[in-house]
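If you're matching them up, the sequences are chains Y and W in order. Take 1 as the starting number for the first sequence in the numbering used here and just add one per residue. Take 130 as the starting number for the second sequence in the numbering used here and just add one per residue. Following: one structure in structure tokens, then a few remarks.
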Amino acid sequence: MRWLAFLAAFMPGAALAGADAADGHDDEAGPNAEEGPAYFGFVKDSGGVPVRDAKVSASYRNKLTLVTRTNATGAYKLPGFKKDISPDEVTISCAKEGYRQVRVFRHPAPRGRPVKAVETECRLQREKS
Amino acid sequence: MLRYGQALSAQKSIYSLPVALAEREGLFRREGIDFRVVVPVPGGADLMIDALHDDTVDLTHVATPFLVRAALAGSDAVAIAAEFNDPIYSLVARPEIARIADLKGRVVALADPGGSITYSMRKLLALHGVREANVQVKTIDGTPARLNCLRRGGCDAVPLGQPQDLLAQSEGYRLLGRSNDAVPAYLYTVTAARRSWATANAELVVRYVRALAAAFATIRDPAKRGAVVSAIVDITSVPPSVAERVLDLYAEPGRKALPREGEIEVKALAQVIAFMGESGQLASPLPGAERFVDLRYLREVARLKEEDMRKLAR
Numbered sequence: 001m002r003w004l005a006f007l008a009a010f011m012p013g014a015a016l017a018g019a020d021a022a023d024g025h026d027d028e029a030g031p032n033a034e035e036g037p038a039y040f041g042f043v044k045d046s047g048g049v050p051v052r053d054a055k056v057s058a059s060y061r062n063k064l065t066l067v068t069r070t071n072a073t074g075a076y077k078l079p080g081f082k083k084d085i086s087p088d089e090v091t092i093s094c095a096k097e098g099y100r101q102v103r104v105f106r107h108p109a110p111r112g113r114p115v116k117a118v119e120t121e122c123r124l125q126r127e128k129s
Numbered sequence: 130m131l132r133y134g135q136a137l138s139a140q141k142s143i144y145s146l147p148v149a150l151a152e153r154e155g156l157f158r159r160e161g162i163d164f165r166v167v168v169p170v171p172g173g174a175d176l177m178i179d180a181l182h183d184d185t186v187d188l189t190h191v192a193t194p195f196l197v198r199a200a201l202a203g204s205d206a207v208a209i210a211a212e213f214n215d216p217i218y219s220l221v222a223r224p225e226i227a228r229i230a231d232l233k234g235r236v237v238a239l240a241d242p243g244g245s246i247t248y249s250m251r252k253l254l255a256l257h258g259v260r261e262a263n264v265q266v267k268t269i270d271g272t273p274a275r276l277n278c279l280r281r282g283g284c285d286a287v288p289l290g291q292p293q294d295l296l297a298q299s300e301g302y303r304l305l306g307r308s309n310d311a312v313p314a315y316l317y318t319v320t321a322a323r324r325s326w327a328t329a330n331a332e333l334v335v336r337y338v339r340a341l342a343a344a345f346a347t348i349r350d351p352a353k354r355g356a357v358v359s360a361i362v363d364i365t366s367v368p369p370s371v372a373e374r375v376l377d378l379y380a381e382p383g384r385k386a387l388p389r390e391g392e393i394e395v396k397a398l399a400q401v402i403a404f405m406g407e408s409g410q411l412a413s414p415l416p417g418a419e420r421f422v423d424l425r426y427l428r429e430v431a432r433l434k435e436e437d438m439r440k441l442a443r
């Protein structure tokens, strides 16, 4: 259900952030069947209001970091790392100028089913000026 | 910490080999660099330069046409080292097609109409008397997608990069020619930084360039061949035998796919600008190539190397 709500947050209009973006040169690798679960969720402020244009990072052991920004509804989506990287080794964080991160909550994965996507909510608090 | 930007798709392509190898072989660590790869999502080429400007990354991998375009639009980003010099794109066809001239009336896949792959393939076809109007052109972006088109029978010939061109040949498809047969050497991908950031962090940039230069030396080192093959296998998911052939191809006399030490050939960058002008992406008068590079860091690495050599000779 949350996944459907998430998709609705991205559509219509907002481009779904994903692995099929244009390349850094004029050739590209194709979709990777060896990809692990995607990462998605929302960034909200301490009052539960979605924060747009927040920077969201998914870091694997500080070696590789995927970075995206939230859309108008505070939603984000990042593609998976390699299949052999456990989501437990991936840290989600969020940032925006004028805010500080106060909480990161990962929704538990459904039991007994393969994990296709990992939902994490990130909370920011406006800094006092 | 040094944050290096890389497009998601570049991460899985042969073009990430120098940096991936430097990381695997501990060459950044040896230079005292806490190296982090950062992949902006979505990660289009123009976004790679944007990532420098919005402080997502410090350095970035980028193809030269995108750097030139960004700089002309006001960015102070410049190339500080070369990553891939002269790419090799192979025109690979169905087994029954023996020559480029036989492609008349056939379906030929090309990439982005304004891109360097299409440009070089047009030149290659013309070299053999075939014009674009003589073939049925299908635009397909991405080497993997073009290989799929060939395999499924939707295309008679397609341009492929490494390692898919060698994979296709191992499956019985025929090599008709290579991009380098038709176009002069040009500079393909570089590490770029904002000039202002690089100036303020010159010592770190020099250490980065030195690690990159060591990665190119590793690629050429016969004793390290196993490690390089293993890196290619991990990056591109091809069998080791194909990865071996990629290395053999790059080592062929006259091929300049990889720089020796990350050096930037300004003439090769001028060739990119000329190609952008010829394909209508840049208006005349064309800008000089020098304004898109900052060679200070490469020069400093060369000076330090000479100094080390002198010390060793004493």
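Quick reminder that beta carbons are idealized off the backbone N, C-alpha and C, glycines included. On a predicted model such as this, the values are computed, not experimentally measured, just so you know.
Within the segment 73-96 of chain Y, those residues whose Cβ lies closer than 7 Å to any Cβ of chain W are, in chain order, L78, P79. As a beta-bridge residue in DSSP terms, W/F213 pairs with W/T318. Between W/T185 and chain Y, the shortest Cβ-Cβ separation is below 7 Å.
Pairing W/R235 with W/I246, the inter-Cα distance amounts to about 19 Å.
W/T268 sits exposed, since fewer than 16 C-beta atoms from the chains shown fall within 10 Å of its C-beta. Against W/V237, chain Y offers no close residue; the least beta-carbon distance is about 16 Å (beta-carbon pairs closer than 7 Å). Separation of Y/E119 and Y/P87 (C-alpha to C-alpha, rounded to the nearest whole angstrom) is 11 Å. In terms of Cα proximity to W/G244, the closest of W/R428, W/G134, W/Q410, W/V422 is W/Q410. Counting C-beta pairs with one atom in each stretch, the segment 36-46 of chain Y and the segment 80-100 of chain Y have three or more that are closer than 8 Å, which means they touch. Sixteen is the threshold: since fewer than 16 other Cβ atoms of the shown chains lie within 10 Å of the Cβ of Y/K83, the residue is exposed. Shown in chain order are the members of the segment 164-180 of chain W whose Cβ falls below 7 Å from a Cβ of chain Y: R165, V166, V167, V168, P169, V170, P171, G172, G173, A174, M177. Of W/D285, W/R349, W/D377, the smallest CA-CA separation from W/R303 is found for W/D285.
Listed by position along chain W, the residues whose Cβ is nearer than 9 Å to that of Y/K63 are E152, F164, R165, V166. According to the DSSP assignment, W/L220 belongs to the beta strand (DSSP E) that extends over 219-222.
Shown here, W/Y248 sits in a helix according to DSSP, grouped into three states. Put simply, the CB of Y/T70 is far from chain W, with every gap to its CB atoms at 7 Å or more.
Rounded to whole angstroms, the gap between the alpha carbons of W/L398 and Y/N71 is 37 Å.
Looking at the DSSP output, Y/K44 bridges to Y/P50, Y/R123.
With a 10 Å radius around the Cβ and a threshold of 16 neighbouring Cβ atoms, W/H190 comes out buried.
Under DSSP, Y/F105 shares a beta bridge with Y/E121.
When Cβ pairs closer than 8 Å are counted between the two stretches, the segment 341-350 of chain W is seen to touch the segment 137-156 of chain W, the count reaching three or more. Chain order gives the chain W residues near Y/L66 as V168, V170, where near means a beta carbon separation below 7 Å. In this structure, Y/E127 sits away from Y/G41, with a CB-CB distance that is not shorter than 7 Å. In terms of Cβ geometry, W/A386 and W/D215 form a close pair [threshold 7 Å]. C-alpha of Y/P79 to C-alpha of W/V170: approximately 8 Å in a straight line.
Under the Cβ criterion (8 Å, minimum of three pairs), the segment 210-229 of chain W counts as touching the segment 302-320 of chain W. For the alpha helix (DSSP H) assignment, the uninterrupted runs of no fewer than 4 residues enclosed by the segment 252-282 of chain W are, from N- to C-terminal side, 272-281.
Per DSSP, W/I348 is one residue of the alpha helix (DSSP H) stretching across 331-349. Under the DSSP assignment, W/F157 falls in the alpha helix (DSSP H) whose first and last residues are 156-159. Apart from the 5 residues on each side of it in sequence, W/E419 sits with its Cβ closer than 7 Å to the Cβ of V395 in its chain, given in chain order.
Listed by position along chain Y, the residues whose Cβ is nearer than 9 Å to that of W/L201 form an empty set, because the closest Cβ is around 18 Å away.
DSSP links W/C284 through a beta bridge to no other residue. The beta carbon of W/E392 sits closer than 7 Å to the beta carbons of A211, L427 from its chain, once the five residues preceding and following it are set aside; these are given in chain order. Spatial neighbours of W/L296 in its own chain (CB-CB distance under 7 Å, excluding positions within 5 residues in sequence) are listed in chain order as V367, V371.
In the three-state DSSP reduction, Y/I85 falls in the coil class, being neither helix nor strand.
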